[in-house]
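Residue numbers (the numbering used here): 1 to 226. Right, one structure below, let's go through it.
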């Protein structure tokens, strides 16, 4: 955990020891947040580039991500999915996209992030929100149920904790959950690292593979130092 945190500081760094195993995480992605007064926020990530070897390459890769029509289309697709998830439990008219396709800088990668916000409707609470939005659309694709059915037939093993969520539920009605990415599952003497990318009509398999490798790099390096 210390090695992973040092290599890639993240807003949702975590260490969870559970009877079924241990989860070490450095997630940059907020899934859902609810404040005590019922304000809801989701911040899906879609679109990734590695950091450059110097300032010039860094700037070029950041600009490439910001100008990528493909990554922007993926991000907007998931924003629409999450807007629909939130609409089911939020006050009509309150769901808004406050930030669209912003670029965030992390130690190993650049990420394209959007922010969707709303207000829980009377009679709805954080558990209703979680039931409406889980699993996170950034990890399933759209349409969500059909995409999950396809993934179940294609993926050779279960994801485990990877692509789920973790965080806390406060006694004051608050909630803050991250997507379980950029982490390591330690189960039964095995270390499992999950990574992937969005597959759309014009995806380049080699580029998607490289993106997955970049996402897994810090976790694999932390394991290599064990």
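Just so you know, even glycine gets a beta-carbon here, dropped at the ideal spot from N, CA and C.
- Excluding its 5 nearest sequence neighbours in each direction, residue 52 has C-beta neighbours in its own chain below 6 Å: 58, 61, listed in chain order.
- In the DSSP assignment, residue 176 falls within the beta strand (DSSP E) that extends over 175–179.
- Here residue 90 is buried: its Cβ has 16 or more other Cβ atoms, across all protein chains shown, within 10 Å.
- Only residues of its own chain outside the window of five on either side were considered, and among them 41, 96, 98 have a CB closer than 6 Å to the CB of residue 117, listed in chain order.
- The Cβ-Cβ distance between residue 183 and residue 132 does not fall below 8 Å.
- Within a 10 Å sphere around the beta-carbon of residue 175 sit 16 or more other beta-carbons, which makes this residue buried.
- Closest in alpha carbon position to residue 161, among 69, 192, 111, is 192.
- Around the Cβ of residue 65, a 10 Å sphere holds 16 or more other Cβ atoms; the residue is buried.
- Under the three-state reduction of DSSP, residue 73 is assigned to helix.
- Secondary structure within the region 20–103: the beta strand (DSSP E) runs of 3 or more consecutive residues, fully enclosed, are 21–27, 30–34, 39–42, 45–50 (chain order).
- For residue 18, the closest C-alpha among the options 204, 188, 214 is that of 188.
- Cβ neighbours of residue 5 within its own chain (closer than 8 Å, five residues either side excluded): 13, 26.
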